[in-house]
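With the sequence shown counted from 1, adding 16 to any position gets you our numbering. Quick reminder that beta carbons are idealized off the backbone N, C-alpha and C, glycines included. Taking it in order: structure first as structure tokens, then the write-up.
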Amino acid sequence: MRKTYIYEITKFDYVCLFLFICLFFILFTYSFEAKAAPYILFFDLIVCFIMFFILKFSKIKKFKRTIILFTLLFIHFLLLLNGRGWNEGSMHSQSYVIESLSEITDILYGFILLSAFTGFIPFIIYIGFLNFISKITANLS
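Right, dumping it as structure tokens:
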């Protein structure tokens, strides 16, 4: 018998995943910040892993995907607040609240700068990717 999932993964999710992988390898491979690109992906997966265990053992049954998605977006917003005085030329901030998260902060700012000049299409693809991994995490929990 086939297991039915609460949040079905649609063709749009697969398209966002494919475009994110292409964007990840093409854009970040040729930039000087290429070393930080895997960190943001690893950070997203760690957050989803933690949210999986929180929601697996909690009594929350509805809105799991929404909780995970907004948690991911909120953590990304907090990562943007980590850096102060970000410079577009050097692609680095002047100071950081948490120094070990400096590369992730800089890659997020660089990604937003890149998205500003491309009609926010990479940003929409990244939000679609976050939606995809939040659906998978909600289905597993």
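If you draw a straight line from the C-alpha of residue i to the C-alpha of residue j, how long is it?
{"i": "residue 96", "j": "residue 151", "result": "24 Å"}
{"i": "residue 65", "j": "residue 24", "result": "20 Å"}
{"i": "residue 104", "j": "residue 94", "result": "20 Å"}
{"i": "residue 135", "j": "residue 78", "result": "34 Å"}
Determine, using beta carbons only, whether residue i and residue j come nearer to each other than 9 Å.
{"i": "residue 71", "j": "residue 80", "result": "yes"}
{"i": "residue 140", "j": "residue 60", "result": "no"}
{"i": "residue 57", "j": "residue 144", "result": "no"}
{"i": "residue 115", "j": "residue 55", "result": "no"}
Just checking my contact of residue i with residue j at CB under 8 Å: how many whole Å lie between their CB atoms?
{"i": "residue 36", "j": "residue 112", "result": "Contact doesn't hold; Cβ gap of about 26 Å is too wide."}
{"i": "residue 68", "j": "residue 157", "result": "5 Å"}
{"i": "residue 84", "j": "residue 154", "result": "6 Å"}
Taking C-alpha atoms, which residue in the options lies nearest to residue i?
{"i": "residue 92", "options": "34, 41, 121 and 83", "result": "121"}
{"i": "residue 127", "options": "153, 110, 82 and 40", "result": "40"}
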